[in-house]
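Inspection log for the structure reproduced underneath, given as structure tokens.
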Amino acid sequence: MEKLTIQQCDQIYKQVGTPCFLINEDLFIENIQRIKCAFQKEYSDTIISYSFKTNYIPYICNLAKNNGCKAEVVSYLEYQIAKQVGFAPEDIIMNSPLKRYEEFETAILEGALVNIDSFYELAHLDLIRKNHPDKELKVGIRVNVPIVDENGVSAIYGEEKVGRFGFVDDEIPDVVRRLRELNCKIICIHGHTSSKNRAIFNYIQICRRLIDVAEKYSLKPKYLDLGGGFFGPVPQGMFTDRHVPTYEEYATEIFKYLNKDEWFKTNKPSIIIEPGMSVAASSMSYIARVHDIKHRVDRRIAQTDGTMFHVRQNMADFKLPFNIVTQEKTLLEQEETVHFAGASCMESDLIRRCTTKQKVDVGDYIVIDNVGAYTFVMASSFIQYLPYIAVINDNGIKKLRQSRDFDNFIEVFSL
Ligand SMILES: Cc1ncc(COP(=O)(O)O)c(C=O)c1O
Numbered sequence: 086m087e088k089l090t091i092q093q094c095d096q097i098y099k100q101v102g103t104p105c106f107l108i109n110e111d112l113f114i115e116n117i118q119r120i121k122c123a124f125q126k127e128y129s130d131t132i133i134s135y136s137f138k139t140n141y142i143p144y145i146c147n148l149a150k151n152n153g154c155k156a157e158v159v160s161y162l163e164y165q166i167a168k169q170v171g172f173a174p175e176d177i178i179m180n181s182p183l184k185r186y187e188e189f190e191t192a193i194l195e196g197a198l199v200n201i202d203s204f205y206e207l208a209h210l211d212l213i214r215k216n217h218p219d220k221e222l223k224v225g226i227r228v229n230v231p232i233v234d235e236n237g238v239s240a241i242y243g244e245e246k247v248g249r250f251g252f253v254d255d256e257i258p259d260v261v262r263r264l265r266e267l268n269c270k271i272i273c274i275h276g277h278t279s280s281k282n283r284a285i286f287n288y289i290q291i292c293r294r295l296i297d298v299a300e301k302y303s304l305k306p307k308y309l310d311l312g313g314g315f316f317g318p319v320p321q322g323m324f325t326d327r328h329v330p331t332y333e334e335y336a337t338e339i340f341k342y343l344n345k346d347e348w349f350k351t352n353k354p355s356i357i358i359e360p361g362m363s364v365a366a367s368s369m370s371y372i373a374r375v376h377d378i379k380h381r382v383d384r385r386i387a388q389t390d391g392t393m394f395h396v397r398q399n400m401a402d403f404k405l406p407f408n409i410v411t412q413e414k415t416l417l418e419q420e421e422t423v424h425f426a427g428a429s430c431m432e433s434d435l436i437r438r439c440t441t442k443q444k445v446d447v448g449d450y451i452v453i454d455n456v457g458a459y460t461f462v463m464a465s466s467f468i469q470y471l472p473y474i475a476v477i478n479d480n481g482i483k484k485l486r487q488s489r490d491f492d493n494f495i496e497v498f499s500l
């Protein structure tokens, strides 16, 4: 993202308020279009289903819809957001680990693609079948994929050998049998598996597993769903220990593999991908304003109106990409240590520590980049209100969410 100027930061402060999450509309659209082109160039029947949990700001979800995506949701809350934004239920893929009966029934009867993940969902289907004996029922099944890295070590996020999602081998025969008894069509095989390495090899293993299941149980799914977990554009220097594949590299390698497979060539299912982080992360920044300066021994403390609980909830000292935007442009002769402190009362609440020649003062800003994925949805109202949200596009800056609204805040509590 191009660096924000002091004029833009001041405009956000006056017109919207700080702290503020700022969506860069062009960047989000560019990421969606680029991943779509990369995959559809290799295989035109690829469906891009935007992962809502990564960032469900309705404005973002609407951009995803207007740019040809389907919606991938993992809770009923997200299902409701998707419908509110205007996704037709048949354009929604539901992968929630927890599907309460009413939620499950609504999604199934409305025509969403529900990928089942556990046996209690078969009991739900049983009840739906009893209540709707003539209804055509269709579901997807999520299968467990034990991905490994090139050394044979589990690549699953959390490093367990077998992840917790999806049916494992000895469960699948029972699932297929029961679905057949219920006259329920299996239209999708889903294999999202979160990894830390986001490696191309993971997708080759996912493809292999999905096809093996289809072949073994003579399934003819309309869709193979490879899930999300790709890399997108990452700030320079963020990952020095691994290769960060481009969208194009993922697509080329996945389809090089699939196009050699007889089952794939014969059945030609639609391929679904569910990108989240890879399209959303780079499209948002967080802006906090400096309200006070204190001097403590060898450091300058810039007291901001933001808090680390908005941008690094796990408290890890992760090197968030950042910019300091100052009113004063002349640089100091020597670097100073500056701690951008948060507005909570926690000693550890530092948004960012750095050394800089910029002379940080009241009225300046710290801008944290790359916070479009997970950060916003995990931000809490610990001690402070949730931040404002705004979007920047060719028409200027527009506020999307109010903050510091006590009536709205207190409404959900009972005295
Ligand atoms: C089922 C499913 N699909 C897609 C995603 C999106 O993954 P990412 O944000 O890493 O692209 C997730 C995230 O874990 C997921 O659980």
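The C-terminal position of the sequence shown is numbered 500 in the working numbering, with every residue numbered one higher than the one before it. The C-beta atom is built at its ideal place from N, Cα and C for all residues, glycine as well.
query                                                                                                          : result
Asp377 classed as buried or exposed, judged by whether at least 16 other C-beta atoms fall within 10 angstroms : exposed
First through last residue of the beta strand (DSSP E) which encompasses Asp310                                : Tyr308 to Asp310
Span of the alpha helix (DSSP H) around Lys99                                                                  : Ile91 to Gln100
Distance between Phe106 and Ile201 (C-alpha atoms, nearest Å)                                                  : 35 Å
Cβ-based burial, Gln165 [other Cβ within 10 Å; buried from 16]                                                 : exposed
Sequence-ordered residues whose beta carbon comes within less than 7 Å of a heavy atom of ligand 1             : Ser136, Lys138, Thr139, Glu157, Val159, Asn180, His277, Ser279, Gly312, Gly313, Gly314, Phe315, Glu359, Pro360, Gly361, Met362, Ser363 and Ala458
Arg185 classed as buried or exposed, judged by whether at least 16 other C-beta atoms fall within 10 angstroms : exposed
Extent of the continuous beta strand (DSSP E) run through Lys155                                               : Lys155 to Val158
Burial state of Cys430 (16 or more Cβ within 10 Å)                                                             : exposed
Residue closest to Asn480, alpha-carbon to alpha-carbon, out of Asn109, Glu244 and Glu333                      : Asn109
Proximity of Ile114 and Leu162 at Cβ, strictly below 8 Å                                                       : no
Ala387: first and last residue of the uninterrupted beta strand (DSSP E) it sits in                            : Arg384 to Thr389
Whole-angstrom distance between Ile133 and Phe124, CA atom to CA atom                                          : 9 Å
Residues near Val230 in its chain [Cβ-Cβ closer than 6 Å; skip 5 each side]                                    : Gly276, Thr278, Ile291 and Arg294
Chain B within 8 Å of Gly196, Cβ atoms only                                                                    : Among the protein chains of the structure shown there is no chain B, as only one such chain exists.
Assigned exposure category for His209 - 16 Cβ within 10 Å defines buried                                       : buried
Minimum C-alpha distance to Ser466 - residue among Lys414, Pro406, Val396 and Val445                           : Val396
Classification of Ser499 by the beta-carbon crowding that lies within 10 angstroms, buried from 16 upward      : exposed
One or two residues paired with His275 in a DSSP bridge                                                        : Arg227 and Asp310
Minimum length 4: unbroken alpha helix (DSSP H) runs contained in the region 435-484                           : 460-463
According to DSSP, residues forming a beta bridge with Ala197                                                  : According to DSSP, which records beta bridges pairwise, Ala197 is partnered with nothing at all.
Length at least 3, wholly inside the region 118-200: the beta strand (DSSP E) runs in chain order              : 131-136, 155-158 and 177-179
Straight-line gap, Leu435 to Arg384 (C-alpha atoms, nearest Å)                                                 : 13 Å
Sequence-distant residues of its chain with Cβ nearer than 6 Å to Ile289 (five each side left out)             : Tyr342
8 Å Cβ cutoff met for Gly225 and Tyr308                                                                        : yes
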